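Peer 1: Sharing a structure here in structure tokens format.
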Amino acid sequence: MRKSYGAFKSVDDLLAIRGLGPKRLDKMRKYLTVGKPTPKSNAFPNQMPGKQPRANPEQTLSAE
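Numbering of the sequence shown is given in our numbering, commencing with residue 1334 and proceeding in unit increments.
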């Protein structure tokens, strides 16, 4: 349904959502931004910074 209405233009536009009133929006406001989404910068979202990804257990090692 969001696609048919388009993106939110401001944080205050969220008040049009049923169940989201001014008090709740004020509590959430510091966590909210409106704009174009940023691209994902991490190909491995579960990977912690500075950690190497674990090997896939389904892959077998071959001795050459």
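Cβ coordinates follow ideal geometry from the N, Cα and C atoms, glycine included.
Being a predicted model, the structure only gives us computed values, none of them experimental.
Could you spell out the range, first to last residue, of the alpha helix (DSSP H) harbouring leucine 1358?
Peer 2: Indexing the sequence shown from 1 puts residue 1358 at position 25. That run of the alpha helix (DSSP H) goes 1355-1361.
Peer 1: Going along the chain, which residues of its own chain have a beta-carbon closer than 8 Å to the beta-carbon of glycine 1354, five neighbours each way excluded?
Peer 2: Taking the first residue of the sequence shown as position 1, residue 1354 is located at position 21. Closer than 8 Å at Cβ, skipping near neighbours: Leu1348.
Peer 1: Closer than 7 Å by C-beta to proline 1341: which residues in its own chain qualify, once you throw out the five before and the five after it? Chain order, please.
Peer 2: Counted from its first residue, the sequence shown places residue 1341 at position 8. Residue identity differs from the one stated: residue 1341 is phenylalanine in this sequence, not proline. Same-chain partners within the cutoff: Leu1347, Val1367.
Peer 1: Helix, strand or coil for serine 1337? Go by DSSP, reduced to three states.
Peer 2: Reading the sequence shown from its first residue, position 4 is the one you call residue 1337. DSSP places serine 1337 in helix when its eight states are reduced to three.
Peer 1: With DSSP run on the structure shown, which of helix, strand or coil describes valine 1367?
Peer 2: Taking the sequence shown and counting its residues from 1, one reaches residue 1367 at position 34. It is coil, neither helix nor strand.
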